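Undergrad:
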Amino acid sequence: MRTLIRHLLATSEPADSVTIQGWIRTRRDSKGFSFLEINDGSCLANLQAVVDHATPGFEDPHPFTTGASVTVEGSLVPSPAAGQQWELRARRVTLVGPADATYPLQKKGHTLEFLRTIAHLRPRSNLFGAVFRVRSRLAFAVHQFFQSRDFVYVHTPIITASDCEGAGEMFRVTTLKGDPDARPEADFFGRRAYLTVSGQLEAEIFACALSNVYTFGPTFRAENSNTARHAAEFWMIEPEMAFCDLAGDMDLAEEFVKAMARYALEHCPEDLAFFNKFVDKSLEERLRFVADRPFQRVSYTEAVQILRSSGRAFEFPVEYGLNLQSEHERFLTEEHFKSPVTVFNYPREIKPFYMRLNDDEKTVTAMDVLVPGIGEVIGGSQREERLEVLERNLAFHKLRAEDYWWYLDLRRYGTVPHAGFGLGFERLLMFLSGVSNIRDVIPFARTPGNAEF
RNA sequence: UCCAGAGUAGCUCAAUGGUAGAGCAGCCGGCUGUUAACCGGCGGGUUAGAGGUUCGAGCCCUCUCUCUGGAGCCA
Numbered sequence: 002m003r004t005l006i007r008h009l010l011a012t013s014e015p016a017d018s019v020t021i022q023g024w025i026r027t028r029r030d031s032k033g034f035s036f037l038e039i040n041d042g043s044c045l046a047n048l049q050a051v052v053d054h055a056t057p058g059f060e061d062p063h064p065f066t067t068g069a070s071v072t073v074e075g076s077l078v079p080s081p082a083a084g085q086q087w088e089l090r091a092r093r094v095t096l097v098g099p100a101d102a103t104y105p106l107q108k109k110g111h112t113l114e115f116l117r118t119i120a121h122l123r124p125r126s127n128l129f130g131a132v133f134r135v136r137s138r139l140a141f142a143v144h145q146f147f148q149s150r151d152f153v154y155v156h157t158p159i160i161t162a163s164d165c166e167g168a169g170e171m172f173r174v175t176t177l178k179g180d181p182d183a184r185p186e187a188d189f190f191g192r193r194a195y196l197t198v199s200g201q202l203e204a205e206i207f208a209c210a211l212s213n214v215y216t217f218g219p220t221f222r223a224e225n226s227n228t229a230r231h232a233a234e235f236w237m238i239e240p241e242m243a244f245c246d247l248a249g250d251m252d253l254a255e256e257f258v259k260a261m262a263r264y265a266l267e268h269c270p271e272d273l274a275f276f277n278k279f280v281d282k283s284l285e286e287r288l289r290f291v292a293d294r295p296f297q298r299v300s301y302t303e304a305v306q307i308l309r310s311s312g313r314a315f316e317f318p319v320e321y322g323l324n325l326q327s328e329h330e331r332f333l334t335e336e337h338f339k340s341p342v343t344v345f346n347y348p349r350e351i352k353p354f355y356m357r358l359n360d361d362e363k364t365v366t367a368m369d370v371l372v373p374g375i376g377e378v379i380g381g382s383q384r385e386e387r388l389e390v391l392e393r394n395l396a397f398h399k400l401r402a403e404d405y406w407w408y409l410d411l412r413r414y415g416t417v418p419h420a421g422f423g424l425g426f427e428r429l430l431m432f433l434s435g436v437s438n439i440r441d442v443i444p445f446a447r448t449p450g451n452a453e454f
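Everything in the first sequence is counted per the working numbering, starting at 2 for the first residue and increasing by one.
This is how it looks when you write it as structure tokens:
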């Protein structure tokens with residue numbers, strides 16, 4: 002029966018008879034015997050198997066090349082040489098699947114660009130094994146965070162007829178052959194349909210019934226964005242809380258980011274140490290900092306003042322009423338505060354219709370969480386719960402109220418103050434791993450012109 | 001989408017407009033415990049694609065494609 006390498010390496014006692022199965026990372030030959038470094042993906046580390054050339058199944062060592070899959074039976078013993086605590090003394094070796102000389106992964110380093118072209122093999126590399134183990138762990142941590150706080154997990158639809166914000170390019174879903182706009186009523190759903198850009202509006206529906214809810218699922222944007230931080234398909238986490246204001250929303254956002262940093266440090270130490278060594282040498286220090294220290298909070302107005310009095314020459318102008326640019330956000334979080342920053346109360350003109358209008362009638366209860374190295378990871382707000390104000394907001398943003406009849410119904414019947422935010426799971430992973438390209442934290446990246454795998 | 005840079009062996013990279021090369025990987029051999037093992041030998045090229053300038057182009061020019069960095073949009 003097979004034992005995962007992770008468990009064998011964590012053991013405290015020798016074992017007389019164990020079986021491992023995995024892929025050969027490298028083979029080193031000596032006279033009469035060979036060392037096989039075997040990895041099964043259960044952890045970053047390999048298990049070294051020592052195989053005598055007389056071992057059954059290993060009479061010819063040549064097919065046991067990098068990339069080949071093997072089964073090794075033997076005894077786990079303390080290693081007499083430096084470099085590893087345990088090694089497997091083989092009694093029987095079976096070549097499960099050979100890998101010939103065209104196997105593209107080598108034991109030496111590859112560039113991330115090259116590995117992206119072999120997305121079907123890159124999980125077998127140290128870096129991507131670590132990234133996707135951490136991704137899995139953190140997905141679990143997301144659920145644990147919300148479930149332990151009595152949030153209800155809502156599966157919002159992937160196919161939707163509503164354009165959440167009246168902005169953002171959407172992918173069309175249609176079964177029509179010709180022009181889908183010619184007769185939308187003849188289409189599969191009897192109307193125009195798209196892939197969702199956000200589950201927020203649907204999450205609000207459920208928050209106005211189950212109190213605290215969250216979504217965690219794929220989201221799609223047809224924007225022609227070519228950056229290291231954007232993908233056409235990504236996973237978004239969207240909590241929504243009834244009877245909650247902006248302050249409570251910011252509290253939850255901060256608590257969430259801290260909890261994720263803590264979880265990674267605690268549950269993925271081996272993979273994080275690898276990132277810290279090969280990807281970002283300040284990663285662990287930064288995560289501990291984020292986990293321990295309170296985030297800074299400034300209003301948009303204060304942020305503009307800080308930027309204007311910084312004496313810094315920015316490429317883009319800093320002026321009340323304009324959106325903060327990447328360079329401005331980076332200055333605030335990386336240089337001025339040197340800490341995650343939550344910026345709140347933005348001018349209503351630059352934010353969507355559903356955000357709650359403040360008493361000054363100029364700003365809305367928006368908030369963005371900025372973190373060093375990544376920029377914006379969270380965008381959220383308190384939602385407008387007053388029917389007549391929401392109707393005015395729709396008009397202000399030149400949207401048709403009849404398209405949002407069900408959304409307005411939430412305000413007609415038992416409306417409550419409520420708030421929530423959206424967080425890109427991949428951006429969170431970039432922050433927690435130090436990996437700087439979103440294409441490298443998602444198994445199969447969907448970006449403009451790229452859907453090979 | 002805009003600006004800048006890049007594309008040479010399976011991989012990482014060299015090569016004043018003048019004979020395309022190295023390391024690693026692979027193959028063959030050596031080595032009694034290796035750790036990105038080491039030592040010796042061998043094979044490996046439509047220089048991203050198309051066109052142009054030139055006696056001669058990997059190198060200069062034009063277009064296309066791809067990638068990278070930055071920007072916009074955002075999560």
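Even glycine gets a Cβ: it sits at the ideal position worked out from N, Cα and C. Predicted, not measured: the structure shown is a model, and the values here were computed from it.
Would you please state the rounded distance, in angstroms, between the beta carbons of Phe-464 and Ala-131? I believe it to be under 8 angstroms.
TA: For residue 464 there is no data in the structure shown, the boundaries of the chain being 2 and 454.
Undergrad: In terms of residues, what are the limits of the beta strand (DSSP E) holding Ile-351?
TA: Where Ile-351 is concerned, there is no enclosing beta strand (DSSP E), given that its DSSP letter is neither H nor E.
Undergrad: For Arg-3, which residues of its own chain have a beta-carbon under 6 angstroms away from its beta-carbon, when the five flanking residues on both sides are left out?
TA: Result list for Arg-3: Thr-20, Gln-22, in chain order.
Undergrad: Rounded to whole angstroms, what is the Cα-Cα separation between Asp-441 and Val-135?
TA: Distance between the alpha carbons of Asp-441 and Val-135: 12 angstroms.
Undergrad: Compute the distance between the beta-carbons of Phe-296 and Thr-343, then report whether it is under 8 angstroms.
TA: The answer is yes: Cβ separation under 8 angstroms.
Undergrad: Where does Pro-444 land, buried or exposed, given buried means 16+ other C-beta within 10 angstroms?
TA: Pro-444 comes out exposed.
Undergrad: Among Gly-84, Asn-47, Ala-46, Trp-24, which residue has its Cα nearest to the Cα of Thr-67?
TA: It is Trp-24 whose Cα lies nearest to the Cα of Thr-67.
Undergrad: Using a threshold of 8 angstroms, state whether the C-beta atoms of Ala-254 and Phe-147 are closer than that.
TA: Not a contact, by the Cβ cut-off of 8 angstroms.
Undergrad: I'd like the ranges of any alpha helix (DSSP H) spanning at least 4 consecutive residues and lying wholly in the stretch 329-405.
TA: List check, alpha helix (DSSP H) in window: 388-397.
Undergrad: Using DSSP bridges, identify the partner residues of Trp-24.
TA: In DSSP, Trp-24 forms a bridge with Asn-40, Ser-70.
Undergrad: Would you check if the distance between the CB atom of Phe-172 and the CB atom of Ala-100 is smaller than 8 angstroms?
TA: Not a contact, by the Cβ cut-off of 8 angstroms.
Undergrad: If you count every other CB in all the chains shown that lies within 10 Å of the CB of Phe-129, and 16 or more means buried, which is it?
TA: It is buried - the Cβ of Phe-129 has at least 16 other Cβ atoms within 10 Å.
Undergrad: Count the other CB atoms, across all protein chains shown, that sit within 10 Å of the CB of Gly-75; report buried if there are 16 or more and exposed otherwise.
TA: Buried, since its Cβ has 16 or more Cβ neighbours within 10 Å.
Undergrad: Quick one, which of Ala-91, Cys-209, Gln-201, Ala-83 has its alpha-carbon nearest Ser-18's?
TA: Of the listed residues, the one whose Cα sits closest to Ser-18 is Ala-91.
Undergrad: Within 10 angstroms of the Cβ of Tyr-215, are there 16 or more other Cβ atoms? Answer buried if so, exposed if not.
TA: Label assigned to Tyr-215: buried.
Undergrad: Would DSSP call Asp-17 helix, strand or coil?
TA: Correct three-state label for Asp-17: strand.
Undergrad: For Gly-415, which of helix, strand or coil comes out of DSSP?
TA: DSSP places Gly-415 in coil when its eight states are reduced to three.
Undergrad: Decide yes or no for the touch test of the stretch 394-413 against the stretch 219-236: beta carbon pairs closer than 8 angstroms, at least 3 of them.
TA: Segments in contact, no.
Undergrad: Which of helix, strand or coil does DSSP assign to Gln-201?
TA: Of the three classes helix, strand and coil, the one that applies to Gln-201 here is helix, per DSSP.
Undergrad: Please report the distance separating the alpha-carbon of Arg-449 from that of Asp-281.
TA: It should be pointed out that residue 449 corresponds to Pro in this sequence rather than to Arg. If you take the alpha carbons of Pro-449 and Asp-281, they lie about 27 angstroms apart.
Undergrad: Please work out which residues of its chain come closer than 7 angstroms, Cβ to Cβ, to Val-417, disregarding the five sequence neighbours upstream and downstream, and give them in chain order.
TA: These residues qualify, in order along the chain: Cys-209, Ala-243, Phe-244, Glu-386.
Undergrad: Starting from Val-280 and walking both ways along the beta strand (DSSP E), at which residues does that stretch end?
TA: It is not in any beta strand (DSSP E) - Val-280 carries neither H nor E in the DSSP assignment.
Undergrad: Could you tell me which residues DSSP pairs with Gln-297 in its beta bridges?
TA: Paired residues: Val-342.
Undergrad: Within the continuous alpha helix (DSSP H) that includes Gln-148, where are the two ends?
TA: From DSSP, the alpha helix (DSSP H) with Gln-148 extends over 127-148.
Undergrad: Does the Cβ of Ser-310 have 16 or more other Cβ atoms within 10 Å, making it buried, or fewer, making it exposed?
TA: With fewer than 16 Cβ atoms within 10 Å of its Cβ, Ser-310 is classed as exposed.
Undergrad: In angstroms, rounded to a whole number, what distance separates the CA positions of Leu-113 and Leu-122?
TA: Rounded to the nearest angstrom, the two C-alpha atoms are 12 angstroms apart.
Undergrad: Restricting to Cα atoms, I'd like to know which of Gln-383, Glu-403, Thr-95 is closest to Lys-352.
TA: Per the Cα distances, Gln-383.
Undergrad: Could you tell me the alpha carbon to alpha carbon distance between Leu-288 and Arg-263, rounded to whole angstroms?
TA: If I take the Cα positions, the gap works out to 8 angstroms.
Undergrad: Determine whether the beta carbon atoms of Ala-232 and Glu-427 lie at a separation below 8 angstroms.
TA: Cβ atoms of Ala-232 and Glu-427: closer than 8 angstroms.
Undergrad: What's the gap between the Cα of Leu-273 and the Cα of Ser-434?
TA: The straight-line gap from Cα to Cα measures roughly 7 angstroms.
Undergrad: For the alpha helix (DSSP H) holding Met-251, just list the boundary residues, first then last.
TA: From DSSP, the alpha helix (DSSP H) with Met-251 extends over 247-268.
Undergrad: Applying the 10 Å Cβ sphere with the 16-neighbour rule, what's the burial state of Val-97?
TA: Exposed: under 16 other Cβ atoms inside 10 Å.
Undergrad: Kindly list the residues whose CB is nearer than 6 angstroms to the CB of Glu-330, restricted to its own chain and excluding five residues on each side of it in sequence; keep chain order.
TA: So the list reads Leu-371, Gly-376, once near-sequence residues are dropped.
Undergrad: CA-CA distance, Leu-196 and Ala-102?
TA: Looking at the two C-alpha atoms, the distance is approximately 42 angstroms.
Undergrad: Note down, in chain order, each residue of its chain lying with its Cβ closer than 6 angstroms to the Cβ of Ile-160, except the 5 sequence neighbours on either side.
TA: Once the five neighbours on either side are set aside, the close Cβ partners of Ile-160 are Val-174, Ala-194.
Undergrad: Start and end of the beta strand (DSSP E) containing Arg-93?
TA: 87-98 is the extent of the beta strand (DSSP E) around Arg-93.
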